[in-house]
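S.K.: My numbering numbers the first residue of the sequence shown as 132 and each following residue consecutively.
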Amino acid sequence: MKQHPLAVIGAALLILFLICAVFAPILAPKDPAALDLHGRLLGPNGAHWFGTDELGRDILSRTLYGARISLIVAISVVGLSLAIGLVAGCLAGFYGGWLDTVINIYVMNAFLALPGILLAIAFVAFMGPGLGNVIIALAISGWVGYARLVRGQVMAVKEREFVEAARALGASDIRILAAHILPNILQPLIVQAAIGMATAVMAEATLSFLGLGVPPPAASWGSMLNDARSHLFDSPHMVFFPAMAVMLCVLSFNFIGDALRDYMDPRTRLREGL
């Protein structure tokens, strides 16, 4: 904690967002979809701590429910991307040859040729908005980074002495990958996953801002920012609170990812010990 104070802040923020997401039905003072046209565009007050939007919906309640969507997307996208990247990277790095050429040169480069967010926008626009489609779209555009990382780590570890010893003792390829290679490449994957969750939160907010995220009346930070565009100057509270939620959530994952990277790097620990 003394060496990485930002990690403590990031962990505290992440715990706060997890509490908001899990206990949103209890913590939310109002129904996030309840309309009150007589109380529209109210500033922060005793009845509505974050104010209300253009339809009179309570912004605090919608912000709490928005945390649920953002964290579901972040965890699901990273999990699915990591699973696809782990399989593709292990196959390419462990076997090499024509399989590595097909996966690394052709498939990965084909996905890298298009910007990830544009690929996600095209997929959601074709399949239609929805939580499941958003997760699949972001995973399709994000698995390549994990696959490249896994491939490089597997190619380095498979030449180590303990892998050669396991192969000489007759261990199968699956056993070598599962018992000897994967445990030794988890550290960079954990760091990449933490930073990838921040990217997923930002990407989900971007898609929702463009109207391609979770359809209304579900509360999403990106859709809240989209609703607030026309009231930027007369009701700035509509922009401030969801924007702060996105910023703090992304910062929490970045702080944790940076701390994990420093903690898991032996050279960094050696310098700090000296």
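Each residue gets a CB set at the ideal place from its N, CA and C atoms; glycine is no exception. Since the structure is predicted, the reported quantities are computational estimates derived from the model, not experimental observations.
1) How close, in whole Å, do the beta carbons of R171 and L186 come, if the pair is a contact with beta carbons under 8 Å?
2) DSSP puts T183 in a beta bridge; with which residues?
3) For L172, which three-state DSSP category applies?
4) Give me the Cα-Cα distance between G197 and A214, rounded to the nearest whole angstrom.
5) From which residue to which residue does the alpha helix (DSSP H) around Q84 run?
6) Under 7 Å, do A278 and G220 count as touching if we go by C-beta distance?
7) On the premise that E292 lies in contact with V204, defined as a C-beta separation below 8 Å, what is that separation, rounded to the nearest angstrom?
8) I'd like to know whether the C-beta atoms of L209 and G327 end up nearer to each other than 7 Å.
9) So the candidates are R392, M369 and A349; which of them puts its Cα closest to the Cα of R199?
10) Specify whether the stretch 232-251 and the stretch 262-274 touch according to this definition: at least 3 beta carbon pairs, one from each stretch, less than 8 Å apart.
11) So, helix, strand or coil for R291, using DSSP?
12) If you check the beta carbons only, do P246 and L343 fall under 7 Å apart?
13) For G141, which residues in the same chain have their Cβ closer than 6 Å to its Cβ, ignoring the five residues on either side in sequence?
14) Rounded to a whole number of angstroms, what is the C-alpha to C-alpha distance between T337 and F148?
15) Hey, quick one: how far does the alpha helix (DSSP H) through H368 stretch, first residue to last?
16) Does DSSP classify S351 as helix, strand or coil?
17) If you reduce the DSSP assignment to three classes, tell me which class V265 lands in.
18) Mapping DSSP to helix, strand and coil, what is I316?
19) Would you mind sorting F364 into buried or exposed? The rule is 16 or more other CB atoms within 10 Å of its CB.
20) Going by DSSP in three states, S303 sits in which element: helix, strand or coil?
21) From the DSSP output, in three-state form, read off G228 for me.
22) As a quick exercise: from Q284, S303 and V255, pick the residue whose alpha carbon is nearest that of P314.
M.R.: So, from the data block:
1) Here residue 171 is taken as the residue at index 40 of the sequence shown, counted from 1. Here residue 186 is taken as the residue at index 55 of the sequence shown, counted from 1. So it is a contact: roughly 6 Å between Cβ atoms.
2) The residue labelled residue 183 in the question sits at position 52 within the sequence shown. Bridge partners of T183: D189.
3) Mapped onto the sequence shown, residue 172 falls at position 41. Coil at L172, not helix or strand.
4) Within the sequence shown, numbered from 1, the residue matching residue 197 stands at position 66. Within the sequence shown, numbered from 1, the residue matching residue 214 stands at position 83. So the two alpha carbons sit approximately 26 Å from each other.
5) Residue 84 cannot be examined here, being either before or after the span of the chain that is shown, 132 to 405.
6) On the sequence shown, residue 278 is found 147 positions in, with the first residue counted as 1. On the sequence shown, residue 220 is found 89 positions in, with the first residue counted as 1. Yes, the Cβ-Cβ distance between A278 and G220 is below 7 Å.
7) Position 73 of the sequence shown, counted from the first residue, corresponds to residue 204. Position 161 of the sequence shown, counted from the first residue, corresponds to residue 292. Incorrect: roughly 42 Å between the Cβ atoms, too far for contact.
8) Taking the first residue of the sequence shown as 1, we reach residue 209 at position 78. Taking the first residue of the sequence shown as 1, we reach residue 327 at position 196. The residue you asked about is not Leu; residue 209 is Val in the sequence shown. In this structure, G327 lies closer than 7 Å to V209 by Cβ.
9) Start at 1 with the first residue of the sequence shown, and residue 199 comes out as number 68. The shortest C-alpha separation from R199 is found at A349.
10) yes
11) In the sequence shown, counting from the first residue as 1, residue 291 sits at position 160. Correct three-state label for R291: coil.
12) What you label residue 246 is simply residue 115 of the sequence shown in a count that begins at 1. What you label residue 343 is simply residue 212 of the sequence shown in a count that begins at 1. Not in contact: P246 and L343 (Cβ atoms no closer than 7 Å).
13) Position 10 of the sequence shown, counting from 1, holds the residue named residue 141. The answer, listed in chain order, is S383, F386 and I387.
14) Reading the sequence shown from its first residue, position 206 is the one you call residue 337. Reading the sequence shown from its first residue, position 17 is the one you call residue 148. When rounded, the distance between both Cα atoms is 19 Å.
15) Residue mapping note: residue 368 aligns to position 237 of the sequence shown, counting from 1. Looking at the DSSP string, the run of the alpha helix (DSSP H) that includes H368 is H368 to M395.
16) Sequence index remark: in the sequence shown, residue 351 carries index 220 (1-based). Looking at S351 - three-state DSSP - the assignment turns out to be coil, as it is neither helix nor strand.
17) Working through the sequence shown from its first residue, we reach residue 265 at position 134. Reduced to three states, the DSSP call for V265 is helix.
18) For the purposes of this step, residue 316 is identified with residue 185 of the sequence shown, where counting begins at 1. Residue state, collapsed to three classes: coil.
19) Here residue 364 is taken as the residue at index 233 of the sequence shown, counted from 1. Exposed, since its Cβ has fewer than 16 Cβ neighbours within 10 Å.
20) Residue 303 sits at position 172 when you count from the first residue of the sequence shown. Here S303 sits in coil by DSSP.
21) As a first step, residue 228 is located in the sequence shown; it is residue number 97 there, counting from the start. G228: helix per DSSP, three-state reduction.
22) Here residue 314 corresponds to residue number 183 of the sequence shown, with the count starting at 1. Here the closest residue by C-alpha is Q284.
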